[in-house]
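>
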Amino acid sequence: MTGFLSNLVQYQGLFRMITVLGIGGTFQIGFQISTITYMSQHVKAFINETWLERYGHPIQQDNLLFLWSFTVSIFGIGGLLGSSGSRYLTVKFGKKKCLLCNNVLMIVAASIMGCSKISQSFEMILIGRFMCGVSAGLCVPLHHQYVGEISPRKLRGFANSTSSFFWTLGKAIGQISGQRELLGSQARWPLLMASCGLPALVQLLALPFFPESPPYLLMQKGDQEACKKAIRQLWGEGQHQAEIDDIMKEKATMKNTKILSVLELVREPAFRWQLYMIVTLTATIQLCGINAIYFYTFEVLQAAGFDEKMASYMTLSIGLSELVAAVVCSSIIERLGRKALIRGGYWIMGSLLAAITVTLSLQDWYFWMPYCSLALIILFTVVFAVGPGGATVSTRVEIFKLSCRPPAFVISSVLNWLGVFVIGTSFPFIVERLKHFCFLIFMVVLFTSGMIVHLFLPETKGKSIVEITEEFNKLNFKNKKIPATPNHVSEDYTFCTRL
C-alpha cells in the first residue's frame, strides 16, 4: 500500500494522463456497445413512425429488422475503416494530434444522432453510427499504444491493463444510463445516443495539456529536450536513466526510425512469432464465448424467475462485478505476470463453459439449476476480466518495437473488427442451430489457445522490449544465426541521471 501511494504521488502526471486517455478511449467503446441494447425498441419504433409519416403505411417487418441490424453492424464497418487508417495517421501526425481530431469527429457524430428524432430522419442515426465506428476504430489502437509508451517499466503492465478497466467502466456506465428511469425511456433515448460526445469533449479539452509519448519524441522526432521534458511531466523528478537506456537500446537495434508498413511487417521474419501471437490473442478474445455469455444472461435470468425489470438490474450487477474484476487485474498483473493470467484465464474459462453447458441442459429439470447457471456466468465474466481481458492488451503492446507497433495494431484491430462483424452476423444462426451447445466450440478454442500461449508466448513482466525481442528471436531464428543487436547506448544519446 505504501509503494502504491508513493507511486501515486511521484507519477501523478502519468495517472492523470492514463485517465484522460481512458475516458476518450476504450471507455467510449464500452459505453456505446452497452447503450445500443437499451435503445433497440425505441429506435425501431422511431424508424416505423418515420416511415409511416413519409409513405403513409408502416414499414414491413423484414425491412425494419434489416434497418436495425444495419444500424448496429455499420458501427463495425466504420471501426474496420478507422483501424485500417490508424497506422498512416499515427506516423504522419502523431498519436496526440490524431486523438484530438478524432474527438471532434465523435462530437460531430453524437450531435448528428442526437438531432435525428427532431429532424425525423433515421438516416442520421446510420450516418452518426458509421462516424462513431470510424472514431472508435481509430482511438482504440491509439489508446493502447499511447498508454504503453508513456509508462515506466515497473508500471507498464498496470497502465496497459487500465484500457480493459475503462472498457468495462464504459459498459457499466452505459448500462446505468440505459435504465428507463434515466436516459433509456421513449422520450430521452436521443440524449442517450448523443451522450457519447461527452467523453470525447472531456478528452478534447484535457489532452492538449499532456505531452506526446517520450519514445515517439526521441525515436521518431529526434527531439531529446522534448523527450526529457515529457518524462519529467509524466514521471516526476527521480532516477529514470534505466528507462531512458531502454529507449536508446531499442533505437540502437532499429535499422532506421522508419515505421514499417503492414506489408513490410508481415514479410519481416524477425517478427513472425510476434504476429502469430497477436493473431492468436485477438482471435481468442472474439471466440472465447464472452459475447455468447452476454446473449444468454437474460434468458437464464428469466428462467430463474426474475421479471424483465429485475433481470435488467441483475444484468447491471454482472457488469459491475466485471468492473471490480478489472480493478483486481490491474493490481495483480505485475505480480503474477501476463502469461500466467492469459493461460490460466483461458483454461478456467474453458472449464466454466463446459459446466455452463451442463447446467443449461438441465435447466428445466431442477428449479435451482438456473441459479447455478447464473453463478457460473458471473464467475466466467469475472475470470475474463481478471485474466485475458486486461493481460491481452498489455501483451500486445509489449511484444512489438516502436517501429512495428502501428502496423501490428492495424492487423490486430482489423481482425478484431472483422471478428465483431462476422460473429455479430453469424452468431444468431449458430445459437439457433446448436442452442447452448455452442459453448463447446468456444471451449475448444480456449483450451487450444491456452496451450499455444503456454508453449510459445514468453513472459514480458519486468522486461525491456530488447529482452522480449531476444526471447522471440529464439523462435524466429531457431536453427539460424540470430542477428547481432547492439547492447550499448551511444554516447551521443547519454542523458544525465537526475532529470
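Using my numbering, the letters of the sequence shown map in sequence onto residues 715 to 1213. C-beta atoms are modelled at their ideal positions from N, C-alpha and C, and glycine is treated no differently. All values derive from a computational prediction rather than experimental measurement.
1) Using CA atoms only, rank isn't needed, just tell me which of Thr1162, Tyr930, Ile743 and Leu896 is closest to Lys811.
2) With 16 other CB atoms within 10 Å as the buried threshold, where does Gly1101 fall?
3) Let me see if you follow: with CB-CB separation under 9 Å, is Gln893 close to chain C or not?
4) Determine the burial state of Phe1151: buried for a count of at least 16 other Cβ atoms within 10 Å of its Cβ, exposed for fewer.
5) Using alpha carbons as the reference points, say which of Met907, Val1038 and Ser1117 lies closest to Leu1093.
6) With distances taken Cα to Cα, identify the nearest neighbour of Phe784 among Pro855, Val1124, Met838 and Ser1075.
7) If I measure Cβ to Cβ from Thr1071 and keep anything under 7 Å in the same chain, skipping five residues before and after, which residues do I get?
8) How long is the line joining the alpha carbons of Thr998 and Gln893, rounded to whole angstroms?
9) Is it a yes or a no for the stretch 746-757 touching the stretch 794-808, going by three-plus beta-carbon pairs under 8 Å?
10) Can you give me the C-alpha to C-alpha distance between Leu1055 and Glu763, rounded to a whole angstrom?
11) Out of curiosity, what's the CA-to-CA distance linking Val1096 and Glu1036?
12) Threshold first: 4 residues or longer. Then list the alpha helix (DSSP H) segments lying entirely within the stretch 724-788, N to C.
13) According to DSSP, is Gln953 helix, strand or coil?
14) Tell me the rounded alpha-carbon separation between Pro1084 and Gly770.
15) Classify Pro913 as helix, strand or coil using the three-state DSSP reduction.
16) Would you report the Cα separation of Gln947 and Arg902, rounded to the nearest angstrom?
17) Could you check which residue in Gln988, Leu1129 and Gly1003 has the C-alpha nearest to that of Ile1144?
18) Going by DSSP in three states, Phe923 sits in which element: helix, strand or coil?
19) Under the three-state reduction of DSSP, which class applies to Ser1204: helix, strand or coil?
20) Under the assumption that Phe672 contacts Trp949 (Cβ atoms under 8 Å), give the Cβ distance between them as a whole number of angstroms.
21) With three or more C-beta pairs closer than 8 Å as the rule, is the stretch 770-779 touching the stretch 905-916?
22) Give the C-beta separation of Ser1031 and Phe879 to the nearest angstrom, bearing in mind that I take them to be a contact with Cβ-Cβ under 8 Å.
23) In chain order, what residues of the same chain have a beta carbon less than 6 Å from the beta carbon of Gly793, not counting five sequence neighbours either side?
24) Mapping DSSP to helix, strand and coil, what is Trp987?
25) Got a sec, what are the start and stop residues for the alpha helix (DSSP H) Glu1048 sits in?
26) Grab the span of the alpha helix (DSSP H) containing Met1165 for me, first residue to last.
Per the coordinate set shown:
1) For the purposes of this step, residue 811 is identified with residue 97 of the sequence shown, where counting begins at 1. Minimum Cα distance to Lys811 is reached at Tyr930.
2) In the sequence shown, residue 1101 corresponds to position 387, counting from 1. Classification for Gly1101: buried.
3) Included in the structure is just one protein chain, with no chain C present.
4) Looking up residue 1151 in the sequence shown gives position 437. With fewer than 16 other Cβ atoms inside 10 Å of its own Cβ, Phe1151 counts as exposed.
5) Along the sequence shown, read from residue 1 onward, the residue named residue 1093 stands at position 379. Comparing Cα-Cα distances from Leu1093 to each of Met907, Val1038 and Ser1117, the minimum goes to Val1038.
6) Position 70 of the sequence shown, counted from the first residue, corresponds to residue 784. Considering only alpha carbons, the answer is Met838.
7) Residue 1071 sits at position 357 when you count from the first residue of the sequence shown. So the qualifying residues of the chain are His1150, Phe1151, Phe1153 and Leu1154.
8) Numbered from 1 along the sequence shown, position 284 holds the residue referred to as residue 998. Numbered from 1 along the sequence shown, position 179 holds the residue referred to as residue 893. Taking the straight line from one Cα to the other gives about 31 Å.
9) Judged by pairs of C-beta atoms under 8 Å, the stretch 746-757 does not touch the stretch 794-808, as fewer than three such pairs exist.
10) By one-based count along the sequence shown, residue 1055 stands at place 341. By one-based count along the sequence shown, residue 763 stands at place 49. Leu1055 and Glu763: Cα-Cα distance of roughly 50 Å.
11) Here residue 1096 corresponds to residue number 382 of the sequence shown, with the count starting at 1. Here residue 1036 corresponds to residue number 322 of the sequence shown, with the count starting at 1. C-alpha separation (whole angstroms): 5 Å.
12) Those alpha helix (DSSP H) runs which fall completely within the stretch 724-788 and span 4+ residues are 726-738, 740-752 and 754-769.
13) One-based indexing of the sequence shown puts residue 953 at position 239. Strand.
14) In the sequence shown, counting from the first residue as 1, residue 1084 sits at position 370. In the sequence shown, counting from the first residue as 1, residue 770 sits at position 56. When rounded, the distance between both Cα atoms is 46 Å.
15) Walking along the sequence shown from the start, residue 913 turns up at place 199. In this structure, Pro913 counts as helix in the three-state DSSP scheme.
16) Within the sequence shown, numbered from 1, the residue matching residue 947 stands at position 233. Within the sequence shown, numbered from 1, the residue matching residue 902 stands at position 188. Between the alpha carbons of Gln947 and Arg902 lies a gap of roughly 42 Å.
17) Against the sequence shown, residue 1144 aligns to sequence position 430. Measuring from the Cα of Ile1144, the nearest candidate turns out to be Gly1003.
18) Position 209 of the sequence shown, counted from the start, is the residue given in the question as residue 923. Of the three classes helix, strand and coil, the one that applies to Phe923 here is helix, per DSSP.
19) Position 490 of the sequence shown, counted from the start, is the residue given in the question as residue 1204. At Ser1204, the pLDDT of 39 sits below 50, so the modelled position is not reliable; the number obtained from the coordinates is stated separately. Judged by DSSP in its simplified three-state form, Ser1204 adopts coil rather than helix or strand.
20) Because residue 672 is not part of the residues shown, which for the chain are 715 to 1213, the question remains open.
21) A contact is defined here as three or more CB-CB pairs under 8 Å, and the stretch 905-916 fails this definition with respect to the stretch 770-779.
22) Sequence index remark: in the sequence shown, residue 1031 carries index 317 (1-based). Sequence index remark: in the sequence shown, residue 879 carries index 165 (1-based). Contact flag wrong, Cβ pair sits at about 18 Å.
23) Translated into positions along the sequence shown, residue 793 becomes position 79. Setting aside the 5 residues that flank it on each side, Gly793 is surrounded in the same chain by Gly847, Ala850, Gly851 and Trp1131, each with a C-beta closer than 6 Å to its C-beta; the list follows chain order.
24) Indexing the sequence shown from 1 puts residue 987 at position 273. In this structure, Trp987 counts as helix in the three-state DSSP scheme.
25) Position 334 of the sequence shown, counted from the start, is the residue given in the question as residue 1048. Start and end: Glu1022 to Leu1050.
26) Position 451 of the sequence shown holds residue 1165. That run of the alpha helix (DSSP H) goes Phe1153 to Phe1170.
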